Amino acid sequence: MNYKAVFNIVARILLVEAALMMLPLIVCILYQEDPVCFLIPIILLGLIGGFGTLTLKTDDKIYSREGFVIVALSWILMSVGGCLPFMISGYIPSFADAFFETVSGFTTTGASILTDVEALPQGLLFWRSFTHWIGGMGVLVFIMAIMPLTGIRSVHLMRAEVPGPTKSKLVPRMKDTASLLYRIYIAMTLIEIVLLMLGGMNLFDALINSFGTAGTGGFSNKALSVGAYDSAYFDIVIGVFMMLFGINFNLYYLILIGNVKTALKSEELHWYLGFIGISTVVIAINISGIFDGAAQCLRYAFFQVSSIITTTGYATTDFNTWPTLSKAILVMLMVVGGCAGSTGGGVKVSRVIIGCKSIVREMRRLLHPRAVESVRLDGSPIDKRDAHAAMIFLSAFFCLFAVLFLFTTIDGYDLTTSATAVLACISNIGPGLELVGPMGSFAGFSDPVKIALSFGMLFGRLEIFPMMMLFVPSTWRRT
């Protein structure tokens, strides 16, 4: 383990977090709010980050082990630093609550312990949603996009943080890949902000909702979420952009370089859009007795399907009151999540495809033992290691769910509340059902359960294994 390199990079990340807090500090000043809750963390993180950067020189020897540790430690320490404004301001004085809220922000989960979100000042509301935007594409991807870290070895950071069964470089240099991803990310965010403002939304609300959409996080500055606007135009704009941010960003790169046909042939994209289309139609039919007219049913069904499959968590209505079939479909979409290489959570559509095709292949192999058949994606055979890794991830995902579910039940809530709370956290969705539904909160859970669910969010966002590596003794050996 190259300790100096690990802590040097982590220190740089804390410096960047201090710099990012300047934006909510400016918001505080503009709205004439007390800026101390941001000034103190900025100074503290700046001193720690500056000291670590200057004293711990790195020789750039970063391998996969260091990559996992750097990513996991960075997300934990950024969450600890990010929760300080909430605690210092006094609006969320409990560490467990503030940590939960901040982890939920950075991991783009959107689960909240707040029962009256509109009571927060504008500066804290901005920071709360801005953490979605930072964490959406990835903290380390953001760092690589703006500063050099470890040269060619930065590929290990990308592999540890970017969601999906496979990671690839769009261009030869990893820094250029990160920069390109963020340029696409920023452009899409700005387009959404403009469209929302054209519909009559003020700049602050447009920023908040665009941060939540881009990061597929779902934090809102309204108690009723997007439903507070009661606007079909906003529902369509935000619903479409949630869907767009749930698509693999590699496809946008292919479109930009003129390779549209290859992008549109993506099998994962077809399955993703198929899930959305079929789920929207079925739910729209199922809720026809609740809303008036087919157009309104489709509006609410599409928005909620787009919100849940991309793990954004925005709501325009209380889907907790919908028929059982509709809720069951939404729970299944919670597990599926967005595409690999997107800002969405869940197990990813590509892994669902690999899992389904692996089952079919195994059935055929049982019928025809001598047949040689491989799992294919986009017409090409998948490397056996990738297919195996996808199945291992699915197994680890459900094992993590089982452990956290059992731990969460110590608070004594009903099974639906406990199960969907855990699923909402490890899939980085936000709302679940019953007490943690779209109009509820996680405030009622005990502090130990909130901390456990916080780490569940981190495990889910980093796809389990980078976090697990922190608890393996051999990870920390010097050789």
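For the sequence shown, the positions run 34 to 512 when my numbering is used.
All C-beta atoms, glycine included, are put in the ideal place defined by N, C-alpha and C.
Owing to the predicted nature of the structure, the values given are computational and were not obtained by experimental measurement.
Query: Please check if any C-beta of chain D sits within less than 8 angstroms of the C-beta of LEU77.; Result: The chain inventory of the structure shown lacks chain D, comprising one protein chain alone.
Query: With 16 as the cutoff for other CB atoms within 10 Å, does ILE46 come out buried or exposed?; Result: buried
Query: Quick one: what's PRO414 bridged to in DSSP?; Result: ARG409
Query: Taking the continuous alpha helix (DSSP H) assigned at ARG384, which residues delimit it?; Result: 382-400
Query: Taking only heavy atoms of the ligand ZN into account, decide whether any of them is closer than 7 angstroms to the Cβ of VAL150.; Result: Among the ligands in the structure shown, none appear at all, so the ligand ZN cannot be discussed.
Query: Measure the CB-CB distance between THR453 and VAL469 and report whether it falls below 8 angstroms.; Result: yes
Query: Kindly indicate which three-state DSSP category THR148 falls into: helix, strand or coil?; Result: coil
Query: Counting beta carbon pairs with one atom in the region 245-257 and one in the region 335-353, are three or more of them shorter than 8 angstroms?; Result: yes
Query: Please determine, among THR222, TRP355, ALA265, the residue with the shortest C-alpha to C-alpha distance to GLN329.; Result: ALA265
Query: Tell whether a beta-carbon distance below 8 angstroms holds between LEU495 and ALA105.; Result: yes
Query: DSSP on TYR124, reduced to helix/strand/coil?; Result: coil
Query: What is the DSSP secondary structure of MET34, counted as helix, strand or coil?; Result: coil
Query: In the region 73-111, which residue ranges form an unbroken beta strand (DSSP E) of at least 3 residues, counting only runs that do not cross its ends?; Result: none
Query: Below 6 angstroms CB to CB, which residues in the same chain sit around VAL102 once its five sequence neighbours on both sides are set aside?; Result: VAL39
Query: Taking 8 angstroms as the cut-off, decide whether the C-beta atoms of SER391 and VAL408 are in contact.; Result: yes
Query: When we look at the beta-carbon of TYR64 and count the other beta-carbons within 10 Å, is it buried (16 or more) or exposed?; Result: exposed
Query: Do PRO68 and LEU58 come within 8 angstroms of each other at the CB atom, strictly closer than that value?; Result: yes
Query: What do you get for CYS458, buried or exposed, if any count of 16 or more other CB atoms within 10 angstroms of its CB means buried?; Result: buried
Query: I need the boundaries of the alpha helix (DSSP H) containing SER162, first residue and last residue.; Result: 155-170
Query: Count the other CB atoms, across all protein chains shown, that sit within 10 Å of the CB of ASP325; report buried if there are 16 or more and exposed otherwise.; Result: exposed
Query: Going by C-alpha distance, which of GLU395, VAL293, LYS255 is nearest VAL145?; Result: The question names Val, but residue 145 in the sequence shown is Ser. Closest by alpha carbon: LYS255.
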